[in-house]
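Colleague: Encoded as C-alpha cells, here's the structure I'll be asking about.
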Amino acid sequence: MLDHLLQNIKEPLLASPIDVLAFSVIDFRSASFESIHFEVVDGEAGISTTRPYYDLASVTKPLTNSLSYFLRPELFDEKMLLCLSHRGGLPAWGLLARDSWKDQILSYNIQSAPTLYSDFSALRVLLEFEKKEKSMKKLCSEVWDSEVCFWTDLPAGALTLQNGYIRSMPNLGTVHDPNAFNIGSFCSHAGLFGTIEGVSRTLISYQKKTSFIEKVKKDLKTHSNRFSLGWDRVEEPQSSLAGNGCTALTFGHLGFTGTSIWIDPERMRAHVILSNATKHHWFQKRELNQIRKMLGHYAWLRD
14 MLDHLLQNIK EPLLASPIDV LAFSVIDFRS ASFESIHFEV VDGEAGISTT RPYYDLASVT
74 KPLTNSLSYF LRPELFDEKM LLCLSHRGGL PAWGLLARDS WKDQILSYNI QSAPTLYSDF
134 SALRVLLEFE KKEKSMKKLC SEVWDSEVCF WTDLPAGALT LQNGYIRSMP NLGTVHDPNA
194 FNIGSFCSHA GLFGTIEGVS RTLISYQKKT SFIEKVKKDL KTHSNRFSLG WDRVEEPQSS
254 LAGNGCTALT FGHLGFTGTS IWIDPERMRA HVILSNATKH HWFQKRELNQ IRKMLGHYAW
314 LRD
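Now the structure itself:
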C-alpha cells in the first residue's frame, strides 16, 4: 500500500514546490485514523519520520467558525449564518491593519447576497460571535487536539516548514496569510497550525462532541448553495479536488498553503492533506491538485 502511494505521488511531488506532505484517512465509525508522511530529500521522494506543524491556512475556518456554530448554535442569528456561508455580501479580501481591522470588518452591512468566498465574512463571524461569547479561541480549544494551535501559540522549538518569505528570509514558524500576520492575535479566517495527527484527532473529537457530519449532510440536502454551515461542498464529484469516488454530499475545505479536509458522510470517512505548497511561491498548483485528486481517490476507494 505504501509502495503504491509512493510510486504515484513521486512525479507530481518532485515537480512541485512541496518538500514535505502528510496524509491521513479517518474512519469516524471506529474513531480511528492512519497517517503517512512524505518528504523530498536531495531530489528523491520517500517516506518521512518528521512530524512538523503545518500552516493550515483556510482550513482554520471550519475548525473555528464552523466549530463554534456546532458548539453554540443558539448564538448564531440569521446575519451570522449568512456570513458563515459566505452569503453576507462582504468583500472577499483586502489588506487589513492591526489597529483598525475590527472597525473595518464591522462597518460592512450584512445582507443576503450570492455566494462570494470571503475572508472578511469569516472575520465578521468571529467579531459577532465574541459580542455574545467572550472567546471563540477558548471555546474551540476545548475540541482542538494538543497538536493544533494558533500560530502565536506554537510550542517552543516546534518543527515548522517554510511557507514563502519574510523580509527576503525563509518564513519559518510565522503564518503565511498577511491579514492573520497583521492582526497578530487570534482570528478565524486563517492562522491555525497543526500536525497531521493533531488535525485528525481534532476532527474525531469534533464529531464526538457535535455530530456535525450528520448535521451538515442534512443541511446539504435542503439547498444548492456552495457552503453549508461553514463547510464547502463538492459540486462535481468526478472532477473534484476531493478525489474521484466521493459521493455527492461530500464536504470539506481547502487551505491556500496546500492543505485540505474532505469528509464523505455516506462512508463516514475523511481524508486530510497537509503540505507546504507555498514554500517558494503561491502560483504553482497543478501538481498539488494532482496529488489532492490522487490521494482522495485512494481514500474513497481503499475498501
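Taking the numbering used here as reference, the numbering of the sequence shown is continuous, increasing by one, and the terminal residue is 316.
Glycine included, each C-beta is placed from N, C-alpha and C at the ideal position.
Note that the structure is a prediction, hence the values are computed from the model and not measured.
Are three or more beta carbon pairs between the segment 73-90 and the segment 147-155 nearer than 8 Å?
Modeller: yes
Colleague: Okay, do the segment 175-190 and the segment 199-212 touch, 3+ Cβ pairs below 8 Å being the bar?
Modeller: yes
Colleague: Which residues in the same chain as Phe199 place their Cβ atom closer than 6 Å to its Cβ, once the five residues preceding and following it in sequence are excluded?
Modeller: Lys150, Phe163
Colleague: Can you tell me which of the three DSSP states Asn184 falls into?
Modeller: strand
Colleague: Three or more C-beta pairs under 8 Å: does that hold for the segment 293-304 against the segment 59-74?
Modeller: no
Colleague: Restricting to Cα atoms, I'd like to know which of His294, Ala290, Phe296, Gln297 is closest to Ala35.
Modeller: Ala290
Colleague: Where do the N-terminal and C-terminal ends of the beta strand (DSSP E) with Asn302 fall, by residue?
Modeller: That residue, Asn302, is in no beta strand (DSSP E); its alpha helix (DSSP H) goes 299-314.
Colleague: Quick check on DSSP: helix, strand or coil for Gln20?
Modeller: helix
Colleague: Going straight from the alpha carbon of Ser253 to that of Cys259, what length do you get?
Modeller: 9 Å
Colleague: Taking just the CA atoms, how far does Ser81 sit from Cys229?
Modeller: It is Val, not Cys, that sits at residue 229 in the sequence shown. Going from the Cα of Val229 to the Cα of Ser81 covers about 14 Å.
Colleague: Where does Ala283 land, buried or exposed, given buried means 16+ other C-beta within 10 angstroms?
Modeller: buried
Colleague: Rounded to the nearest angstrom, what separates Gln251 and Cys96 at their Cα positions?
Modeller: 29 Å
Colleague: So what's Phe89 in DSSP terms, helix, strand or just coil?
Modeller: coil
Colleague: What span of residues does the beta strand (DSSP E) with Cys162 cover, start to end?
Modeller: 161-163
Colleague: May I have the straight-line CA-CA distance separating Tyr6 from Leu267, to the nearest angstrom?
Modeller: One cannot answer for residue 6 here, as it falls past the ends of the chain, which runs 14 to 316.
Colleague: Going by DSSP, which residues form a beta bridge with His266?
Modeller: Ile274
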